[in-house]
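Novice: Number 716 marks the last residue of the sequence shown (my numbering); no jumps.
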Amino acid sequence: MHTNTFNNDPFYANGAPARFAETTNDTGEVISLAERLGERLWRDGFRHSKCGIMITELLPETIRQPALWGELDRDRREQAWKVMNKLNATLGRDTVRILGAGSKDAWKLRAEHRSPRWTTRWDELPKVRAS
586 MHTNTFNNDP
596 FYANGAPARF
606 AETTNDTGEV
616 ISLAERLGER
626 LWRDGFRHSK
636 CGIMITELLP
646 ETIRQPALWG
656 ELDRDRREQA
666 WKVMNKLNAT
676 LGRDTVRILG
686 AGSKDAWKLR
696 AEHRSPRWTT
706 RWDELPKVRA
716 S
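Here it is as structure tokens:
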């Protein structure tokens, strides 16, 4: 997390490592950990410009070393994620979202200056009209 180095604002940069208690592919756990780290690193009075998360030690889903306790909880969470992913695949992306991720309108991609995507998007092909 850091402020902009190219303006005259006070500079602040900080980072923190963290580990999960057990291997996970649970988006909720990742978001929860990211929020805790963000709250710990945040400093009032600074105009933060960038924050990132680096995830390392990625393993195949088949390799899993669970914690001694909590296996039942994990199975229930995995089922919930499968249902959420199925709903989003069926009803459209972001139909079901994690509340902590914010609302759909909280952040929008700034794409007003994007080049046309005629070669990759059928719906953006120019339309020709006969006069």
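Think of the CB as a built atom: it goes at the ideal place given N, C-alpha and C, for glycine as much as any other residue.
Counting only runs that start and end within the region 615–640, where is the beta strand (DSSP E) found for 3 or more residues in a row?
Specialist: Fully enclosed beta strand (DSSP E) runs of 3 or longer: 633–635.
Novice: Give a yes or no on whether the C-beta atoms belonging to N670 and D679 are separated by under 9 Å.
Specialist: No.
Novice: Can you tell me which residues form a DSSP beta bridge with T588?
Specialist: BP columns for T588 point to H633.
Novice: What separation, rounded to the nearest whole angstrom, lies between the Cα atoms of A598 and S634?
Specialist: Their Cα atoms are separated by approximately 10 Å.
Novice: Secondary structure at A598, three-state DSSP: helix, strand or coil?
Specialist: Of the three classes helix, strand and coil, the one that applies to A598 here is strand, per DSSP.
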